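Heads up, the thing below is written out as structure tokens.
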Amino acid sequence: MKRKLLFATCVLSAICNTSQANAANEDSIRVFKAGNKRIVLKENDHRQRVDVQVYESGSEQDSALYEKIFEGHYRDGKSRERRKYMAMIDIPMPGWKSEHFDPHWSGFGAGFAGFAGRGDAEDIPLRSSKSGEFNLNLLEKAIPVSNRYRWAVVTGFGIRWTRYRLKGNRHFEEINDYTWLVEAPEDRSYKKSKLGITTLNIPLLLEWQHPKGNLFFSTGIVGSVKTWSSSWIEYTESLEGKKHKEKVDRGMTLRPVTMDILTQVGIRHWGIYVKYSPVSLFEPEKGPELYPLSIGFHTFFY
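Under this note's numbering, think of the first position of the sequence shown as -4, with each following residue one higher.
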């Protein structure tokens, strides 16, 4: 009987001690909230120390997930701390979010291609009505620079196909490291003679948009890298009367890298552009001095 009584007393004592300990632990935990951070303060009497933990969520509105960024233990004047360092650089942009600015680069365009009235342009028998270019711009990125006036720097990537059609019986051909305008043989009559060039293009434009997003204007430079070029002719032999299509030359002495000045204006998804190159089409002293000039329209994807 005494043993049973002693066992019951021990059990009751243990339960009371456990309840008191839990109550003490609950009373010793304090939680503070500041913005998107939650601070947990624990006073551990048994270990005679104070524990501090700091948690952080993604935003003040979304506090479902907290991540521990700091933990500290303090006892008898000694401390042990552990932090989670996050390499973050917050650079405030003086503009609106880029998704609110729709740049005017990505899309499809077509226009007439020719040469500016300088250099050897008058010596080239260009058929302007059938000389053209096609632009397929695939990527674009806007970097806002002004919120109030809606300005942004626009860059991206695109491809351009240019075809210059010549009048008469002449074609471009490289001879002794120089691209000449060569006369056709007497027994041939050219139906078509053209110079084709394909380039990859990267723009750097400064664009302004109307606050309502209807009207836009942009200007800047477009760097171009030549990937392909050739001189083609289509002719009929006077004796046989047969039609032939022939690639006369490719590569030639065209510049591998060029630059254009582009200006465009439009409304919403449509615009017109003028493009001029201050750099000659051919390498210095390796071909005619020609400065490309084109005008056309553009429709944008967004």
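For glycine and all other residues, C-beta sits at the position ideal for the given N, C-alpha and C.
Here the structure is a predicted model, which means the values were calculated and not measured.
So what does DSSP say about residue i, is it helix, strand or coil?
{"i": "E232", "result": "strand"}
{"i": "L176", "result": "strand"}
{"i": "H307", "result": "Outside the modelled stretch of the chain, which goes from -4 to 297, sits residue 307, for which no answer is possible."}
{"i": "E279", "result": "The amino acid occupying residue 279 in the given sequence is Pro; Glu does not appear at that position. Looking at P279 - three-state DSSP - the assignment turns out to be coil, as it is neither helix nor strand."}
{"i": "Q43", "result": "coil"}
{"i": "E181", "result": "coil"}
{"i": "G30", "result": "coil"}
{"i": "G246", "result": "coil"}
{"i": "R263", "result": "coil"}
{"i": "I64", "result": "strand"}
{"i": "K186", "result": "strand"}
{"i": "S213", "result": "strand"}
{"i": "K237", "result": "coil"}
{"i": "L200", "result": "strand"}
{"i": "N20", "result": "Residue placement at N20 cannot be trusted, given a pLDDT of 46 that sits under 50; what the coordinates show is reported in the next sentence. N20: helix per DSSP, three-state reduction."}
Leaving out five residues before and five after residue i in sequence, what residues of the same chain have Cβ atoms less than 6 Å from its Cβ?
{"i": "I24", "result": "K37"}
{"i": "K187", "result": "E229"}
{"i": "G104", "result": "N130, G291, H293"}
{"i": "K270", "result": "D255, L257, S289"}
{"i": "V26", "result": "V35"}
{"i": "L199", "result": "T150, G215, I216"}
{"i": "W146", "result": "V140, W203"}
{"i": "S219", "result": "T194, N196, T253"}
{"i": "G282", "result": "T174, T248"}
{"i": "V274", "result": "T253, M254"}
{"i": "T231", "result": "S184, K238"}
{"i": "S225", "result": "G191, K242, R245"}
{"i": "E135", "result": "P98, W100, S101, G151"}
Would you mind sorting residue i into buried or exposed? The rule is 16 or more other CB atoms within 10 Å of its CB.
{"i": "L276", "result": "buried"}
{"i": "P279", "result": "exposed"}
{"i": "H205", "result": "exposed"}
{"i": "A137", "result": "buried"}
{"i": "D118", "result": "exposed"}
{"i": "K201", "result": "In the sequence on display, residue 201 carries Leu and not Lys. With fewer than 16 Cβ atoms within 10 Å of its Cβ, L201 is classed as exposed."}
{"i": "S123", "result": "exposed"}
{"i": "I192", "result": "buried"}
{"i": "E178", "result": "exposed"}
{"i": "W223", "result": "exposed"}
{"i": "Q43", "result": "exposed"}
{"i": "H99", "result": "buried"}
{"i": "Y297", "result": "exposed"}
{"i": "D97", "result": "buried"}
{"i": "L190", "result": "buried"}
{"i": "N132", "result": "buried"}
{"i": "I285", "result": "Residue identity check: residue 285 is Leu in the sequence provided, not Ile. With 16 or more Cβ atoms within 10 Å of its Cβ, L285 is classed as buried."}
{"i": "F295", "result": "buried"}
{"i": "I86", "result": "Note that I86 scores 41 on pLDDT, short of 50, meaning its location in the model is unreliable; the coordinates nonetheless yield the value given after this. Exposed, since its Cβ has fewer than 16 Cβ neighbours within 10 Å."}
Report the partner residues of residue i according to the DSSP bridge assignment.
{"i": "T193", "result": "W156, W223"}
{"i": "M254", "result": "G218"}
{"i": "P287", "result": "F110"}
{"i": "R25", "result": "L36"}
{"i": "N151", "result": "According to the sequence shown, residue 151 is Gly rather than Asn. According to DSSP, which records beta bridges pairwise, G151 is partnered with E135."}
{"i": "F271", "result": "Note that residue 271 is Tyr in the sequence shown here, rather than Phe. Paired residue(s): I256, L288."}
{"i": "F295", "result": "G102"}
{"i": "K162", "result": "None; K162 has no bridge partner."}
Using a threshold of 6 Å, is the CB atom of residue i nearer than that to any non-hydrogen atom of the ligand FAD?
{"i": "L131", "result": "The ligand FAD is not part of this structure, which contains no ligands at all."}
Could you name the residues of the same chain whose beta carbon sits closer than 7 Å to that of residue i, not counting the 5 residues immediately before and after it, in chain order?
{"i": "E62", "result": "Y50, E51"}
{"i": "W175", "result": "E168"}
{"i": "S126", "result": "F107, A108, G109, R158, Y159, R160"}
{"i": "W156", "result": "E128, F129, T193"}
{"i": "R113", "result": "Y286"}
{"i": "I262", "result": "N209, L210"}
Excluding the 5 residues preceding and the 5 following residue i in the sequence, name in chain order all residues of the same chain whose CB lies nearer than 8 Å to its CB.
{"i": "K221", "result": "I192, T193, T194, L249, R250, P251, V252, T253"}
{"i": "L121", "result": "G109, F110, Y159, R160, L161, K162"}
Please check if any C-beta of chain C sits within less than 7 Å of the C-beta of residue i.
{"i": "F211", "result": "In the structure shown, chain C cannot be found, because there is only a single protein chain."}
Inset, instruction - With a floor of 3 residues, list each beta strand (DSSP E) that falls wholly inside the segment 96 to 145, ordered by position along the chain. - result: 102 to 110, 127 to 141
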